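Chemist:
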Amino acid sequence: MSHLLVEYPASRNPWCDNPLARGADGVLRYGNLNPAVTELLDVQVHAFGNREAVVEIGGPRLTYRQLWHSASRIAGGLQERGIGYGDRVAVRMPVGARWVRAFLGALLSGAVPVPVHDGLPDDVAAQVLSDSCADFVLEATGTLPDGAAYIDDGASLSELALLCYTSRSASDAPKGVELTNENLLSAIRSVVGALDLPTDGLRNLVLLPLAHAGGCVDQLLPTFAVGGTVVLAPDPARAAEAIVAERIDQVSATRRIFAGLLSELAGLRAEGVRQICTAGRRPEAPGAAAEPVTTALREVFPLARQWSVWGATETSGIGLATVDGALPGAEVLGFPFGGTELALWGPGAEGGQGELLCRGPNVTRRYWQDPEATESRFTGTWFHTGNQVRIDGTGLVRTAPVPEPLG
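Using my numbering, count along the sequence shown one by one with no gaps and you end on 407.
Below you can see the structure in the form of structure tokens.
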């Protein structure tokens with residue numbers, strides 16, 4: 001039934017000037033990536049050692065050098081406990097500087113971090129820990145491992161770098177998504193290029209959960225990649241205070257989080273904020289309430305570009321984007337960016353409507369220890385998102401109604 005898959009090559013990619021070349025498998029790939037995420041970050045530590053890397057409102061403030069030293073000691077402590085290459089280290093704790101230290105410590109040890117959202121019910125968290133075969137759990141309480149500073153520098157692009165779990169749905173348990181160094185580095189490069197992130201000291205208030213791809217892969221790591229400062233507010237009620245006191249340039253959240261903050265932000269006029277980045281996992285994320293939130297945010301951040309980025313865990317959290325509400329309508333998802341390419345699947349695919357498929361250097365190759373799920377969600381290198389959409393001649397993607405079953 002190959003005739004059901006219709007590719008829709010992008011007619012334009014306005015937010016990517018980076019070199020991409022098609023590989024033997026047909027996927028567009030960046031040709032000048034670091035071998036691993038740890039090497040990319042190591043370069044930034046040496047370039048911006050005295051800059052603040054992470055600021056927790058009401059908590060620690062760490063420079064790049066301090067963060068790297070702390071993370072490398074955690075890595076050393078993990079090594080002394082027998083943790084090494086390919087082992088899974090779960091990170092289950094609230095958002096904050098401790099989370100960042102633990103996550104980077106797991107990376108530097110050569111292990112594979114497994115972010116576990118601290119808001120998950122205990123039974124679901126236990127399911128994730130069991131499914132991932134976690135060898136060690138870094139938790140909110142107790143002291144973090146500590147040992148002689150250690151950095152594993154033997155990773156390559158094709159190796160597993162992060163095991164990120166999908167959100168639980170009513171009918172589906174969380175699934176482990178294998179993200180390689182190439183997936184992560186490609187997503188980082190795509191975000192930096194699309195949002196034109198500056199290297200002059202960007203200060204990004206990240207309100208997204210760090211245990212999800214949108215927070216970790218698409219905001220935390222790209223901010224570090226340009227030598228910026230990640231500002232975290234464990235208490236969202238202090239977001240308005242943080243925007244002013246920390247001289248914030250960019251604010252990143254979901255539309256739901258922004259909607260919940262509007263009362264806190266009322267009366268604030270933050271002209272120093274250059275960009276607002278709204279992340280969404282599902283097509284319904286823009287939703288019918290998108291326009292009131294967009295309008296309210298424009299009053300608070302009058303000089304900021306407003307980005308809306310759509311993606312799934314399987315696509316490293318990225319794939320489609322729109323900017324500044326130039327394309328009105330609650331159903332608009334955006335244009336593909338970075339190395340993301342699109343296809344449609346279904347009887348209406350040739351007419352521009354069907355299930356959205358994605359491929360690109362940021363897209364996972366498989367689920368963790370789940371060949372059946374992998375086979376059901378992939379056609380070759382194409383990932384089936386499960387979302388019904390329409391694609392027009394410009395490459396713009398919009399949501400579409402789910403087709404009625406035949407018969």
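C-beta: ideal position from N, C-alpha, C; glycine also. Computed from a predicted model, the values in this text were never measured in an experiment.
1) To the nearest angstrom, how far is the alpha carbon of THR313 from that of ALA148?
2) Taking the alpha carbon of GLY193 as the point to measure from, which residue in GLU375, GLN369, ARG398 and TYR30 has its own alpha carbon closest?
3) Which residue marks the beginning of the alpha helix (DSSP H) containing PRO371, and which one marks its end?
4) Could you give the DSSP three-state label for ILE318: helix, strand or coil?
5) Counting C-beta neighbours from all protein chains within 10 Å, is the total for GLU355 16 or more, i.e. buried, or is it exposed?
6) Just to confirm the assignment: which complete alpha helix (DSSP H) runs, minimum length 4, are found wholly within the region 166-249?
7) Indicate the three-state DSSP secondary structure (helix, strand or coil) for THR38 in the structure shown.
8) Let me check one thing: in DSSP terms, what residues is ILE57 bridge-paired to?
9) So, with DSSP's three-state summary, where would you put ALA125?
10) If you follow the alpha helix (DSSP H) that GLU7 is part of, which residue opens it and which one closes it?
11) Expressed to the nearest angstrom, what Euclidean distance is found between the alpha-carbon atoms of TYR8 and THR223?
12) Identify whether ALA285 lies in helix, strand or coil by the three-state DSSP scheme.
13) Can you give me the Cβ contacts of GLY260 inside the same chain, cut-off strictly under 8 Å, excluding the 5 residues immediately before and after it?
14) What residues match up with SER252 in a beta bridge as DSSP calls it?
15) Would you call GLU350 buried or exposed, if buried means 16 or more other Cβ atoms sit within 10 Å of its Cβ?
16) Tell me the rounded alpha-carbon separation between ALA211 and GLU299.
Modeler: Walking through what the data contain:
1) The sequence position of residue 313 within the sequence shown is 313, counting from 1. The sequence position of residue 148 within the sequence shown is 148, counting from 1. If you take the alpha carbons of THR313 and ALA148, they lie about 34 Å apart.
2) For the purposes of this step, residue 193 is taken as residue 193 along the sequence shown, with counting starting at 1. TYR30 is the residue among GLU375, GLN369, ARG398 and TYR30 whose C-alpha sits nearest the C-alpha of GLY193.
3) Against the sequence shown, residue 371 aligns to sequence position 371. Start and end: 371-377.
4) For the purposes of this step, residue 318 is identified with residue 318 of the sequence shown, where counting begins at 1. In the three-state reduction of the DSSP assignment, ILE318 falls in the coil class.
5) Sequence index remark: in the sequence shown, residue 355 carries index 355 (1-based). Taking all protein chains in view, the Cβ of GLU355 is crowded by 16 or more other Cβ atoms within 10 Å, so the residue is classified as buried.
6) Within the region 166-249, the complete alpha helix (DSSP H) runs of at least 4 residues are 181-195, 221-225 and 239-245.
7) Here residue 38 refers to the residue found at position 38 of the sequence shown. If DSSP states are grouped into helix, strand and coil, THR38 belongs with the helices.
8) To locate residue 57, count along the sequence shown from 1; it is residue 57. None, per the DSSP bridge assignment.
9) Position 125 of the sequence shown, counting from 1, holds the residue named residue 125. Helix, per DSSP.
10) Residue numbering aside, residue 7 sits at position 7 when the sequence shown is read from its first letter. Judged by DSSP secondary structure, GLU7 falls outside any alpha helix (DSSP H) and instead within the beta strand (DSSP E) spanning 5-8.
11) In the sequence shown, the residue the question calls residue 8 occupies position 8. In the sequence shown, the residue the question calls residue 223 occupies position 223. Roughly 31 Å separates the two Cα atoms.
12) Numbered from its first residue, the sequence shown carries residue 285 at position 285. Residue placement at ALA285 is flagged as unreliable, the pLDDT there being 42, under the threshold of 50; a coordinate-derived value is accordingly withheld.
13) On the sequence shown, position 260 is the one that residue 260 refers to. Within the same chain, GLY260 has close Cβ partners PRO236.
14) Here residue 252 refers to the residue found at position 252 of the sequence shown. For SER252, which the question treats as bridged, DSSP gives the partners VAL206 and CYS277.
15) Residue numbering aside, residue 350 sits at position 350 when the sequence shown is read from its first letter. Burial check for GLU350: the Cβ neighbour count within 10 Å stays below 16, so the residue is exposed.
16) Counted from its first residue, the sequence shown places residue 211 at position 211. Counted from its first residue, the sequence shown places residue 299 at position 299. Just so you know, the alpha carbons of ALA211 and GLU299 end up roughly 30 Å apart.
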